[in-house]
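One structure is given here, and the rest of the page talks about it.
Below, the structure is given as structure tokens:
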């Protein structure tokens with residue numbers, strides 16, 4: 001399979017090295033613009049998150065040319081733009097996948113497969129003071145990623161939300177703030193999210209309870225502690241460790257597998273469209 005990479009040269013060179021280890025990829029070509037790309041099965045579109053700018057025109061141009069796309073850049077959040085991409089992707093019958101890193105973690109995938117849908121979800125993330133907290137734009141993207149995980153776990157429609165969602169302004173320099181959100185879904189699943197830049201330590205945990213199992217995932221350690229809820233086994237939790245040393249190769253492997261087999265990507269344009277509807281609600285509030 002011949003893969004194209006669009007993006008800044010240093011980033012493109014790094015991802016080209018990752019692609020060398022992916023089964024099924026026999027050639028990689030790099031260019032600064034999609035118009036210079038020919039005869040490829042799929043494209044990686046890269047953008048440095050620290051720049052704060054995202055060239056979404058490259059994505060639409062790639063869709064119109066019928067390329068499968070892996071988007072490794074800040075998550076687009078404009079619902080109308082995402083709808084146009086969704087329509088173009090369906091018309092061209094191509095796969096569009098986004099680098100929502102948490103979705104590709106083996107620990108997260110284990111939870112998706114074993115506790116879905118859960119009855120209750122709680123996400124707790126804190127940093128040991130503003131000096132150790134990401135900027136407000138990155139914090140918002142982290143927040144949206146956690147919301148997207150709750151959507152995936154619930155596998156149903158959001159019917160109610162309460163709380164504070166701080167959407168960063170492009171014009172002003174802002175300080176990180178505490179964020180809380182409560183979500184209720186049509187199947188009865190409830191979810192709470194708490195992000196706090198004024199914590200005691202850097203900590204990131206996800207708690208889930210299903211009908212037969214409860215679990216907590218220590219995200220930074222790629223560790224899950226689980227309890228079976230039926231019988232005496234609930235008194236003896238099991239601890240599992242997962243290997244996620246090379247996130248980029250996990251991401252690329254999922255993408256290439258989807259392109260080769262035609263299977264649904266883990267976080268594709270359909271999932272982003274669903275998330276964009278919630279983003280619209282956040283903005284209207």
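In the working numbering, the protein residues as written are 1 to 285.
We put the CB at the ideal spot given by N, CA and C, even for glycine.
Note that the structure is predicted; figures quoted are calculated from it, not measured.
- Sequence-distant Cβ neighbours of residue 203 in its own chain, meaning closer than 6 Å and more than five residues away, are 126.
- In the three-state DSSP reduction, residue 257 falls in the helix class (H, G or I).
- Looking only at 206, 135, 222, 121, the smallest Cα-Cα distance to residue 189 is reached by 121.
- Note that the region 67 to 77 does not touch the region 189 to 201; fewer than 3 beta-carbon pairs, one per stretch, sit closer than 8 Å.
- Counting along the chain, the unbroken alpha helix (DSSP H) around residue 153 starts and ends at 136 to 154.
- Setting aside the 5 residues that flank it on each side, residue 278 is surrounded in the same chain by 147, 158, each with a C-beta closer than 7 Å to its C-beta; the list follows chain order.
- Of the residues 145, 6, 30, the one whose Cα lies closest to the Cα of residue 61 is 6.
- A direct Cα-Cα distance of roughly 49 Å separates residue 63 from residue 230.
- Between the region 134 to 148 and the region 208 to 218 there are fewer than three C-beta pairs closer than 8 Å, too few to call the two in contact.
- Its Cα nearest to that of residue 86, the residue 270 stands out among 104, 270, 195.
- In the structure shown, residue 270 falls within a helical segment according to DSSP collapsed to helix, strand and coil.
- In the DSSP assignment, residue 9 falls outside any beta strand (DSSP E) and lies within the alpha helix (DSSP H) extending over 9 to 19.
- DSSP, read as helix, strand or coil, puts residue 22 in coil.
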